[in-house]
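Visitor: So for the sequence shown, this note's numbering puts the first residue at 1122; every next one is plus one. Please read through the structure below; I'll follow up with questions.
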Amino acid sequence: MSLDPRTVSEAEYPDWLRAVGTGFLRASASVPAEEVAVRLAHIDLSRVQGVFDAGRCVATFTSFAQELTVVGGAKVPADAITAVTVTPTHRRRGLLSGMMAKDLAAAKERGDVVASLIAAEYPIYGRYGFGPAAWTTEWEIDVPRAGLDPRGRVPSEADGGRIELVDGADVRELGPELHSRLAGCRHGVVSRNERWWERQTGVDVPASDKWTEPFYAVYRSADGETDGLIVYRADDSWGDRKQPLNAAKVAGLIATTPAAERALWHFVCSIDWITTVRSGYRAPDDLLPLLLPDPRAARVVTQADWLWLRVLDIPRALEARTYATEGALVLDITDATGLAGGRFLLEVSPSGASCTPTTRTADLALDVRELAALYLGDESPVRLAALGRVEEGRAGAAASADVMFRAARRPWCPDVF
1122 MSLDPRTVSE
1132 AEYPDWLRAV
1142 GTGFLRASAS
1152 VPAEEVAVRL
1162 AHIDLSRVQG
1172 VFDAGRCVAT
1182 FTSFAQELTV
1192 VGGAKVPADA
1202 ITAVTVTPTH
1212 RRRGLLSGMM
1222 AKDLAAAKER
1232 GDVVASLIAA
1242 EYPIYGRYGF
1252 GPAAWTTEWE
1262 IDVPRAGLDP
1272 RGRVPSEADG
1282 GRIELVDGAD
1292 VRELGPELHS
1302 RLAGCRHGVV
1312 SRNERWWERQ
1322 TGVDVPASDK
1332 WTEPFYAVYR
1342 SADGETDGLI
1352 VYRADDSWGD
1362 RKQPLNAAKV
1372 AGLIATTPAA
1382 ERALWHFVCS
1392 IDWITTVRSG
1402 YRAPDDLLPL
1412 LLPDPRAARV
1422 VTQADWLWLR
1432 VLDIPRALEA
1442 RTYATEGALV
1452 LDITDATGLA
1462 GGRFLLEVSP
1472 SGASCTPTTR
1482 TADLALDVRE
1492 LAALYLGDES
1502 PVRLAALGRV
1512 EEGRAGAAAS
1522 ADVMFRAARR
1532 PWCPDVF
């Protein structure tokens, strides 16, 4: 029997959801009808793929439309990939390869500039042309050691700023505009639709997601502008000597100004009874450790790759981002799938960029997955050359590329999808 991927029908969708649960080591029992209905209302079935064996779904894959902010603030259309599983009984049969090829071909046809995903495992996606474009770090803060004055005023209050507790309805009203401003100034950020804000505030959340209401707080500047939002949950833990040992876990913190970011971190680290704060996944160059009087109070608990990209249109991708310096490079990009390879002349300056096919001798030769790692400015061409993943056709070309692709801040993707 053929094990070819195909689009999943509405009638097959419950079995597809069961297979997703199996792949992610969750219970594989039938999904309740009410949960199926909620999910069906918010998914594009034309982009849901499955592989079926004797009527049972044994592999899953879906994608959705997304926008990615690149260096300089421009947004490019992305094919966001998620829910990728292969049932353990059907591994090593090329099922993922078949689904991936079908999806990427459709994304290329639609005009998507990149494909994106959050990789559960590192070794899987390089063979499909993906590379890690943004990394993440999580800190655990020992609040008593941090050196903050719990009785002191939150930074920026002296300038008229203030922090207010709000509810989910307020977040749904204020959050999208705040996030839009963040996406305009921080590369690596991906778009959030209305459904994202509903799920993150408890609206029509499937029972399997085990929703618990968090705390929400916003930072408002002196002129009343909402410049920051923090979402956190806290446990209830006390020691034998009746001393509080409570921990707060930050589910999300976005801020459009440094003042808002500093104030929100100070706020969550100054809440009575909270002795430990988990930061959630942040950019590796986050302000957090260094804004503490004692940065050693924040220890790294996670340091890992996060957002992976696959470039589908090299000229559009490289012309969309900005560059801080002038320069020119001939890039010879290898792509085993034939989706995006070729030799290109990249000419850049602070006023814009041009990327065109060329027959000139290559300055740098690299695979499309290495281009993805370089794209948001997070990886060094010099390091990739030292690793043998980039080949110099001209001495010093890797160093020139390093200057051209570098960004002032590391990319950050606040979301998992």
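We treat Cβ as the ideally placed atom computed from N, Cα and C, and that holds for glycine. Everything numeric in this text was worked out from a predicted model, so none of it was measured.
Any idea which residues DSSP pairs Trp1429 with across the strands?
Guide: Leu1238, Pro1253.
Visitor: The alpha helix (DSSP H) with Ala1227 in it runs from where to where?
Guide: Taken as a continuous stretch (DSSP letters only), the alpha helix (DSSP H) holding Ala1227 covers 1216 to 1231.
Visitor: For Glu1500, does the three-state DSSP call read helix, strand or coil?
Guide: The answer is coil: DSSP assigns Glu1500 none of H, G, I, E or B.
Visitor: What separation, rounded to the nearest whole angstrom, lies between the Cα atoms of Ser1400 and Ala1518?
Guide: If you take the alpha carbons of Ser1400 and Ala1518, they lie about 39 Å apart.
Visitor: Excluding sequence positions up to five away, which residues of its chain have a Cβ less than 6 Å from the Cβ of Val1593?
Guide: Outside the displayed span of the chain (1122 to 1538) sits residue 1593, for which this structure offers no information.
Visitor: Looking only at DSSP bridge pairs, what is Ser1353 linked to?
Guide: Just to set this straight, residue 1353 is Tyr in the shown sequence, not Ser. Looking at the DSSP assignment, Tyr1353 forms a beta bridge with Phe1336, Val1371.
Visitor: Give me, in chain order, the residues of the same chain whose beta-carbon lies closer than 6 Å to that of Val1292; leave out the 5 immediate sequence neighbours on both sides.
Guide: Counting only Cβ-Cβ distances below 6 Å, and skipping sequence neighbours, we find Thr1322, Tyr1337.
Visitor: Where DSSP assigns a beta bridge to Gln1364, which residues make up the other side?
Guide: Answer by DSSP bridge pairing: none, since Gln1364 is not bridged.
Visitor: Could you pull out every residue in the same chain whose Cβ sits closer than 6 Å to the Cβ of Leu1487, ignoring the five residues on either side in sequence?
Guide: Val1511, listed in sequence order.
Visitor: Rounded to a whole number of angstroms, what is the C-alpha to C-alpha distance between Phe1465 and Thr1258?
Guide: Going from the Cα of Phe1465 to the Cα of Thr1258 covers about 34 Å.
Visitor: Pull up the distance between the alpha-carbon of Gly1373 and that of Trp1533, whole angstroms please.
Guide: C-alpha separation (whole angstroms): 13 Å.
Visitor: Helix, strand or coil for Leu1408 per DSSP?
Guide: Looking at Leu1408 - three-state DSSP - the assignment turns out to be coil, as it is neither helix nor strand.
Visitor: Measure the CB-CB distance between Ser1470 and Glu1447 and report whether it falls below 8 Å.
Guide: In contact: Ser1470 and Glu1447 (Cβ atoms closer than 8 Å).
Visitor: Which of the three DSSP states, helix, strand or coil, is assigned to Trp1260?
Guide: Trp1260 falls in the strand class under three-state DSSP.
Visitor: Inspect the beta-carbon positions of Leu1430 and Ala1493 and report whether they are closer than 8 Å.
Guide: Closer than 8 Å, so yes.
Visitor: May I have the straight-line CA-CA distance separating Ile1239 from Leu1428, to the nearest angstrom?
Guide: Going from the Cα of Ile1239 to the Cα of Leu1428 covers about 5 Å.
Visitor: Which residue's Cα is closest to the Cα of Ile1395: Leu1408, Ala1369, Gly1282?
Guide: Out of Leu1408, Ala1369, Gly1282, Ala1369 has the C-alpha closest to the C-alpha of Ile1395.
Visitor: Can you list, in chain order, the residues of its chain whose CB lies under 7 Å from that of Arg1481, leaving out five sequence neighbours each side?
Guide: Val1451, Leu1466.
Visitor: Looking at the secondary structure, which residues open and close the alpha helix (DSSP H) in which Phe1388 lies?
Guide: Run containing Phe1388: 1379 to 1389, per the alpha helix (DSSP H) assignment.
Visitor: Is it the case that the stretch 1174 to 1188 contacts the stretch 1126 to 1146, given that we only count it when at least three CB pairs across the two stretches are under 8 Å?
Guide: The stretch 1126 to 1146 is in contact with the stretch 1174 to 1188.
Visitor: With distance defined between alpha-carbon atoms, name the residue in Ser1167, Thr1128, Cys1178 nearest to Thr1143.
Guide: Minimum Cα distance to Thr1143 is reached at Cys1178.
Visitor: Go through its chain and collect everything with a Cβ distance to Pro1414's Cβ below 8 Å, but skip five positions before and after it.
Guide: Only Ala1267, Gly1268, Leu1269 meet the Cβ criterion.
Visitor: Given this structure, state the Cα-to-Cα distance separating Gly1252 from Leu1497, to the nearest angstrom.
Guide: Between Gly1252 and Leu1497, the C-alpha separation is close to 11 Å.
Visitor: Who are the Cβ neighbours of Val1421 in its own chain at under 7 Å, not counting the five residues just before and after it?
Guide: These residues qualify, in order along the chain: Thr1258, Trp1260.
Visitor: Where do the ends of the alpha helix (DSSP H) carrying Val1537 lie?
Guide: Taken as a continuous stretch (DSSP letters only), Val1537 belongs to no alpha helix (DSSP H), as it is neither H nor E.
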